[in-house]
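Residue numbers (the working numbering): 97 to 335. Just so it is clear, CB atoms sit at the ideal spot from N, CA and C, and this is done for glycine as well. Written below as structure tokens is the structure these notes are about.
This is how it looks when you write it as structure tokens:
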């Protein structure tokens, strides 16, 4: 077995705080089609899903044609809103330091598994000068939507590691279920868009409160080159 370990991160709500951009773009998209605006919490609840899956969930009574129109309007709105400096997508405090520490280690590989498109993820990595940190990038335009484990499975294949050598950090239940179903160790973070109780109900054995805790957590829970798999299946019926 390889001595390498793979650490995968969700993007929105885990690495970057994109809530203001997402809500503003969704409001513009809904307004463009004379749809009632949704509460902020409702919009943030779908962060992590692929765009089509997210909009379908927000508009369960609308047909596929309407969902497609809203999806395209959202993409256009998101693109234009990038020009607004008040709506940038900053890294969460401590993210840069943790990523730099992990990227410098010879026994650790880093990846991203996100509901963003390839273009959207590239923009974020370029904005924060992070492209060189990650060896595998998995996006929603190349896989089924989370919580399907496809993104995790491909990331592990790219890295040449097994599920027991892999951990994912995410802020939503979709991340936890995706990681769990891929056989990896799935850890929640509380600074994103789903609360602690929901993350633990879907099987997260631990939920971190600060990015500063992430590297010490990994060091404490790695034994040799093995990452322990979560044994918690609480909330499995809810998925």
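Going by DSSP, what residue range makes up the alpha helix (DSSP H) through residue i?
{"i": "residue 172", "result": "160-177"}
{"i": "residue 212", "result": "Note, residue 212: premise wrong, no alpha helix (DSSP H); not H, not E."}
{"i": "residue 153", "result": "147-154"}
{"i": "residue 138", "result": "136-140"}
{"i": "residue 316", "result": "310-317"}
{"i": "residue 194", "result": "191-199"}
{"i": "residue 297", "result": "292-297"}
Does the Cβ-Cβ distance between residue i and residue j come in under 8 Å?
{"i": "residue 185", "j": "residue 113", "result": "yes"}
{"i": "residue 270", "j": "residue 145", "result": "yes"}
{"i": "residue 210", "j": "residue 108", "result": "yes"}
{"i": "residue 274", "j": "residue 102", "result": "no"}
{"i": "residue 205", "j": "residue 117", "result": "no"}
{"i": "residue 280", "j": "residue 248", "result": "yes"}
{"i": "residue 232", "j": "residue 212", "result": "no"}
{"i": "residue 268", "j": "residue 288", "result": "yes"}
{"i": "residue 308", "j": "residue 190", "result": "yes"}
Determine the direct distance from the alpha carbon of residue j to that of residue i, and round the result to whole angstroms.
{"i": "residue 237", "j": "residue 230", "result": "18 Å"}
{"i": "residue 255", "j": "residue 134", "result": "40 Å"}
{"i": "residue 104", "j": "residue 244", "result": "15 Å"}
{"i": "residue 265", "j": "residue 224", "result": "19 Å"}
{"i": "residue 239", "j": "residue 180", "result": "30 Å"}
{"i": "residue 150", "j": "residue 143", "result": "7 Å"}
{"i": "residue 195", "j": "residue 153", "result": "33 Å"}
{"i": "residue 334", "j": "residue 299", "result": "The predicted model places residue 334 with a pLDDT of 33, which falls under 50 and marks its position as unreliable, so this point remains unresolved."}
{"i": "residue 301", "j": "residue 207", "result": "21 Å"}
{"i": "residue 197", "j": "residue 141", "result": "31 Å"}
{"i": "residue 172", "j": "residue 317", "result": "43 Å"}
{"i": "residue 119", "j": "residue 221", "result": "21 Å"}
{"i": "residue 132", "j": "residue 138", "result": "12 Å"}
{"i": "residue 178", "j": "residue 263", "result": "31 Å"}
{"i": "residue 125", "j": "residue 217", "result": "21 Å"}
{"i": "residue 304", "j": "residue 313", "result": "9 Å"}
{"i": "residue 166", "j": "residue 174", "result": "12 Å"}
{"i": "residue 310", "j": "residue 214", "result": "26 Å"}
{"i": "residue 156", "j": "residue 296", "result": "27 Å"}
{"i": "residue 136", "j": "residue 219", "result": "24 Å"}
{"i": "residue 106", "j": "residue 130", "result": "32 Å"}
{"i": "residue 201", "j": "residue 158", "result": "49 Å"}
{"i": "residue 99", "j": "residue 203", "result": "6 Å"}
{"i": "residue 286", "j": "residue 188", "result": "12 Å"}
{"i": "residue 321", "j": "residue 292", "result": "Below a pLDDT of 50, predicted positions are generally treated as unreliable, and residue 321, at 38, falls in that range; the measurement from the model is reported next regardless. Rounded to the nearest angstrom, the two C-alpha atoms are 28 Å apart."}
{"i": "residue 282", "j": "residue 250", "result": "16 Å"}
{"i": "residue 127", "j": "residue 162", "result": "13 Å"}
{"i": "residue 228", "j": "residue 164", "result": "34 Å"}
{"i": "residue 56", "j": "residue 284", "result": "Because residue 56 is not part of the residues shown, which for the chain are 97 to 335, the question remains open."}
{"i": "residue 176", "j": "residue 226", "result": "23 Å"}
{"i": "residue 260", "j": "residue 315", "result": "15 Å"}
{"i": "residue 168", "j": "residue 123", "result": "13 Å"}
{"i": "residue 121", "j": "residue 147", "result": "12 Å"}
{"i": "residue 410", "j": "residue 294", "result": "Missing from the structure shown is residue 410; the chain here goes from 97 to 335 and no further."}
{"i": "residue 328", "j": "residue 272", "result": "Because the pLDDT at residue 328 is just 37, under 50, the model does not fix this residue reliably, and the point stays unresolved."}
List the DSSP bridge partners of residue i.
{"i": "residue 119", "result": "DSSP output for residue 119 lists no bridge partner at all."}
{"i": "residue 337", "result": "Here the chain covers residues 97 to 335 and nothing more, so residue 337 does not appear."}
{"i": "residue 266", "result": "284"}
{"i": "residue 108", "result": "112"}
{"i": "residue 204", "result": "101"}
{"i": "residue 187", "result": "112"}
{"i": "residue 304", "result": "285"}
{"i": "residue 143", "result": "145"}
What are the boundary residues of the beta strand (DSSP E) that includes residue i?
{"i": "residue 284", "result": "281-285"}
{"i": "residue 104", "result": "101-105"}
{"i": "residue 233", "result": "232-235"}
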